[in-house]
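Okay, structure first, notes after.
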Amino acid sequence: MRFILIIALATTACAKPNPTASTANPHATKTAIHILKKNGSAIDAAIAAQMILNLVEPQSSGIGGGGFLLHWNAKKQKLHSYDGRETAPANIKPSLFLNPQKQPLAFPDAMIGGIAAGTPGLLAMLQQAHNKHGKLPWRDLFQPAIKLAEKGFPISPRLRQMLARDPILPKREPSRSLYYQQDKNGKTKPLPSGAILKNPKLAQTFRQIAEQGAAAFYQGAIAQNIAKTIRSAKHRPGTLSPQDLAQYKPKMRPNLCRPYRNFTVCAMPPPSSGGVTLLQILGILERFPMSAMKPQSLEAVHLISEASRLAYADRAHYLADPDFIAVPQKALLKPNYLKARAAMISPHRAMTQVPPGNPLAAKPPPRQKGDDLSLPSTTHISVLDGEGNAVSLTSSIEGPFGNHLMSGGFFLNNQLTDFAFAPQKNGRAVANAPAPKKRPLSSMTPTLIFDEEGALFAILGSPGGSRIIAYVAESVIALIDWNMTMQEAIDLPRFVAREGVARGGGLELEQGTALANLKDSLEKMGHQTAIRPLVSGLHGIRIHQSLADGGADRRREGLALTLSR
Ligand code: GLU
Numbered sequence: 011m012r013f014i015l016i017i018a019l020a021t022t023a024c025a026k027p028n029p030t031a032s033t034a035n036p037h038a039t040k041t042a043i044h045i046l047k048k049n050g051s052a053i054d055a056a057i058a059a060q061m062i063l064n065l066v067e068p069q070s071s072g073i074g075g076g077g078f079l080l081h082w083n084a085k086k087q088k089l090h091s092y093d094g095r096e097t098a099p100a101n102i103k104p105s106l107f108l109n110p111q112k113q114p115l116a117f118p119d120a121m122i123g124g125i126a127a128g129t130p131g132l133l134a135m136l137q138q139a140h141n142k143h144g145k146l147p148w149r150d151l152f153q154p155a156i157k158l159a160e161k162g163f164p165i166s167p168r169l170r171q172m173l174a175r176d177p178i179l180p181k182r183e184p185s186r187s188l189y190y191q192q193d194k195n196g197k198t199k200p201l202p203s204g205a206i207l208k209n210p211k212l213a214q215t216f217r218q219i220a221e222q223g224a225a226a227f228y229q230g231a232i233a234q235n236i237a238k239t240i241r242s243a244k245h246r247p248g249t250l251s252p253q254d255l256a257q258y259k260p261k262m263r264p265n266l267c268r269p270y271r272n273f274t275v276c277a278m279p280p281p282s283s284g285g286v287t288l289l290q291i292l293g294i295l296e297r298f299p300m301s302a303m304k305p306q307s308l309e310a311v312h313l314i315s316e317a318s319r320l321a322y323a324d325r326a327h328y329l330a331d332p333d334f335i336a337v338p339q340k341a342l343l344k345p346n347y348l349k350a351r352a353a354m355i356s357p358h359r360a361m362t363q364v365p366p367g368n369p370l371a372a373k374p375p376p377r378q379k380g381d382d383l384s385l386p387s388t389t390h391i392s393v394l395d396g397e398g399n400a401v402s403l404t405s406s407i408e409g410p411f412g413n414h415l416m417s418g419g420f421f422l423n424n425q426l427t428d429f430a431f432a433p434q435k436n437g438r439a440v441a442n443a444p445a446p447k448k449r450p451l452s453s454m455t456p457t458l459i460f461d462e463e464g465a466l467f468a469i470l471g472s473p474g475g476s477r478i479i480a481y482v483a484e485s486v487i488a489l490i491d492w493n494m495t496m497q498e499a500i501d502l503p504r505f506v507a508r509e510g511v512a513r514g515g516g517l518e519l520e521q522g523t524a525l526a527n528l529k530d531s532l533e534k535m536g537h538q539t540a541i542r543p544l545v546s547g548l549h550g551i552r553i554h555q556s557l558a559d560g561g562a563d564r565r566r567e568g569l570a571l572t573l574s575r
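Count along the sequence shown starting at 1, add 10, and that's the number in this note's numbering.
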C-alpha cells in the first residue's frame with residue numbers, strides 16, 4: 011500500500027499547486043486529503059492526520075507527547091514557529107536521572123515508568139495553531155480518528171514488529187489486553203499484522219477533546235488520570251501533577267531562517283537543536299560547489315560529513331532551552347564564524363578532532379557536552395492546502411511507545427530522557443541539564459524552504475532522534491543542489507556524522523545501500539565508519555513549476571497523496 015499519486019495538471023505559472031499531504035501512514039494521509047477536499051486548511055488537515063497517527067502509529071507520537079510546527083500563511087506571506095515541547099514537572103531535581111551513587115541511570119531504566127514523562131505539549135500547541143489558522147471547526151478534526159478507533163483498523167507490519175520487539179508492553183495492562191493475545195501454548199504474542207484493532211478508550215478521550223477543546227485534556231478527568239498514572243507507576247514513579255498540566259503553555263518562537271544558495275531555509279529554533287544545526291551545516295557547505303558533485307560520491311559524503319561534525323560539536327556545547335540558558339544562536343550562524351569553521355575542512359582528510367567553536371568574542375562558557383541518548387520513534391507530517399498554506403509538523407513521544415504507560419488509550423512520553431542525564435561533568439555545568447519547567451533539547455527539524463521569489467518550495471522533516479538533522483540536511487542538499495524530486499531526495503541512501511553525540515564522532519553509512527561501498531575509501535581519508543540501518547522517516551512535498559510532488563520514506567509505511575481539482 012505504498013504509492014505516490016502525482017497528478018500532473020496543465021497549470022499556468024501562477025496557478026496554486028494542488029493540495030498534497032505526506033505522512034507516516036496511509037490512513038493519516040487519506041484523512042488529511044479528506045479534510046483538504048472539504049476545504050479544510052493545512053492546519054486542519056495536519057491535526058486530523060495527527061490524531062489518526064496517535065491511533066495507528068501509537069509507538070511514535072500522540073497527545074501524550076509534544077512537537078514542533080512551522081506554519082506558512084500564503085496570503086499574508088507569514089511564517090509562524092510553534093513550540094509544543096514537553097516541560098519538566100515543577101518538582102524535579104537536576105539529579106533526576108542519577109542513581110544513589112550519583113551515576114547516570116541506564117537508558118531503559120530511566121525511560122520506562124514515571125520519571126521521564128514531561129508535561130505533554132502537542133495538543134495545546136495544535137489548538138493554539140488552529141485558533142490562528144484553522145478553517146473547519148475543531149470538533150470536526152477529531153471525527154475521522156474517533157470513527158477509526160471505534161470501527162478498528164488493520165495493524166500494520168511495522169506496528170506489529172515494534173510490539174513483538176518490546177519486552178515491557180506484553181507484561182503490563184492496559185497495553186497487554188489492547189495489543190496482545192495468548193497463543194495456544196499460553197504465550198503472549200502481539201496481534202498479527204492485518205488483525206483489526208479497536209481503541210474505544212482513545213475514541214472516548216478524543217470525543218471529550220473534540221467537544222471541550224484542549225482544556226479537557228489539561229484540566230479535569232483526563233489530566234487527573236495522566237498525573238495519577240505517572241505518580242503511581244510501579245517502576246520509578248514520577249512527580250508530574252495536575253498543576254503541571256493546567257499550567258502548560260505552548261510558545262511561539264522567533265522564526266529561524268537563513269539563505270542557502272538562492273533559497274531561504276526555515277527550521278525550528280531552540281529548544282530544538284534542529285534549526286541551528288541544520289543551518290550551520292548548510293552555511294558551511296555553501297562554501298563548496300555541492301552541485302558539481304555527484305550525490306553519492308566520495309567527495310560529497312566526505313564534505314557533508316565534515317560540515318555535519320562541526321555543527322553537531324557546537325550543538326552539544328551550546329544548545330538547550332533558551333528560556334534557561336543563553337544560547338548564542340545569532341553568533342553560531344554568523345557568516346564569518348561559519349566561514350572559519352568551513353576553513354577547518356580539508357577536501358582530502360577527515361578532521362581528527364572536532365571541538366566546539368568559539369562564536370562569541372568572549373570566552374565560551376566552561377561547559378561540558380551532555381550525553382545524548384534519544385531513541386528513534388517520532389513522526390513527521392507535511393501538508394499543503396489549496397490556498398498554498400503549509401504545515402511542517404514533527405511530533406514525538408520520544409522512544410518507541412514513550413514511557414510505556416498508557417492513560418485514556420494513548421501512550422505517555424519519556425521526553426525528559428532528552429535531557430543530559432548528568433547535570434554536571436568534571437565539575438562543569440551541562441547546558442541541557444534537567445531543571446523544573448525546562449524543555450529538554452530536541453532534534454526535531456520541521457523545515458520549510460522558499461525560492462528566490464519568496465514562494466514556498468518545500469515542506470519536510472523526519473523522525474530519527476539526533477540523526478534527524480543529518481537526514482534533513484542531506485535532503486535539503488538533494489532538493490537544492492541536485493535538483494531532485496522529493497521522492498528522489500528521500501530515496502537517497504543515508505549517512506550520518508555526529509560529533510559529540512556518537513562515540514568517537516564516527517560516520518554511519520546506511521546498510522544495504524551503495525554507500526556502504528565507500529567504507530574503505532572513507533576510512534583511508536581518516537573517517538571512523540560503521541554500517542548500520544538508518545531508518546529515516548522523511549515525509550515531504552516539493553513545489554516545482556506550480557506542481558506539488560510529494561514523497562514518503564520507503565523505510566517506513568508512509569504515503570504521499572495529491573488531490574486532483
Ligand atoms: N525525542 C527526540 C527529539 O525530540 C526525537 C526522537 C526521535 O526522533 O525518535 O529530538
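Ideal placement from N, C-alpha and C gives every residue a C-beta, glycine not left out.
- Inclusion of A277 and L266 in the CB contact set at 8 Å is warranted, their separation being smaller than that value.
- In this structure, the alpha-carbon of T388 lies about 21 Å from that of P180.
- No heavy atom of the ligand GLU is found nearer than 7 Å to the CB of P252.
- Linking S185 to M416 through their CA atoms gives a straight-line distance of about 7 Å.
- Counting along the chain, V506 sits inside the beta strand (DSSP E) bounded by residues 505-507.
- For the stretch 134-209, the full-length beta strand (DSSP E) segments reaching 3 residues or more read 190-192, 198-200 along the chain.
- Out of A155, I165, L106, P247, the CA that lies nearest to the CA of H414 is found in P247.
- A distance of 8 Å or more separates the beta carbons of G510 and Q538.
- Only residues of its own chain outside the window of five on either side were considered, and among them F107, A126, T427 have a CB closer than 6 Å to the CB of A120, listed in chain order.
- R263 sits buried, since 16 or more C-beta atoms from the chains shown fall within 10 Å of its C-beta.
- F298 carries a coil assignment under DSSP once its states are collapsed to helix, strand and coil.
- By the beta-carbon neighbour count (other beta carbons within 10 angstroms, threshold 16), S307 is exposed.
- Annotation note: the stretch 308-381 contains the following uninterrupted alpha helix (DSSP H) runs of length 4 or greater, listed N- to C-terminal: 308-328, 339-342, 345-352.
- Under DSSP, the beta-bridge partners assigned to S392 are S32, S402.
- Among the bridge pairs identified by DSSP, S282 is matched with S452.
- As the crow flies, the alpha-carbon of H143 is around 21 Å from that of F216.
- Exclusion of Q69 from the 7 Å shell around the ligand GLU follows from its C-beta lying no nearer than that to any non-hydrogen atom of the ligand.
- Beta-bridge annotation (DSSP): A120 is not paired with any residue.
- Per DSSP, M61 is one residue of the alpha helix (DSSP H) stretching across 52-66.
- Counting C-beta atoms within 10 angstroms of its own C-beta, G536 has fewer than 16 neighbours from the protein chains shown and is therefore classed as exposed.
- Annotated three-state conformation of K85 is coil, per DSSP.
- Bridge pairing for T129: T97 [DSSP].
- Here the alpha carbon of Q555 sits roughly 9 Å from the alpha carbon of P27.
- Residues of the same chain with a CB within less than 6 Å of the CB of A499, apart from the 5 flanking positions on each side, are S485, A488, L489 in chain order.
- Between the C-alpha atoms of G77 and L403 there is a straight-line separation of about 7 Å.
- Under the Cβ criterion (8 Å, minimum of three pairs), the stretch 457-467 does not count as touching the stretch 346-358.
- By the Cβ test, the stretch 91-107 is in contact with the stretch 437-451, since at least three Cβ pairs between them sit closer than 8 Å.
- Counting along the chain, Y228 sits inside the alpha helix (DSSP H) bounded by residues 225-228.
- Under the DSSP definition of a beta bridge, V275 partners with R268, I459.
- Distance from T33 to L63 at the Cβ level is roughly 7 Å; contact confirmed, criterion being Cβ atoms closer than 8 Å.
- In the structure shown, T39 adopts helical secondary structure according to DSSP, grouped into three states.
- Taking 8 Å as the cut-off, the Cβ atoms of N423 and G412 count as close.
- Bounds of the beta strand (DSSP E) holding T539 are 539-542.
- Per DSSP, the continuous beta strand (DSSP E) segment holding E520 begins and ends at 517-520.
- The Cβ atoms of L394 and A52 lie closer than 8 Å to each other.
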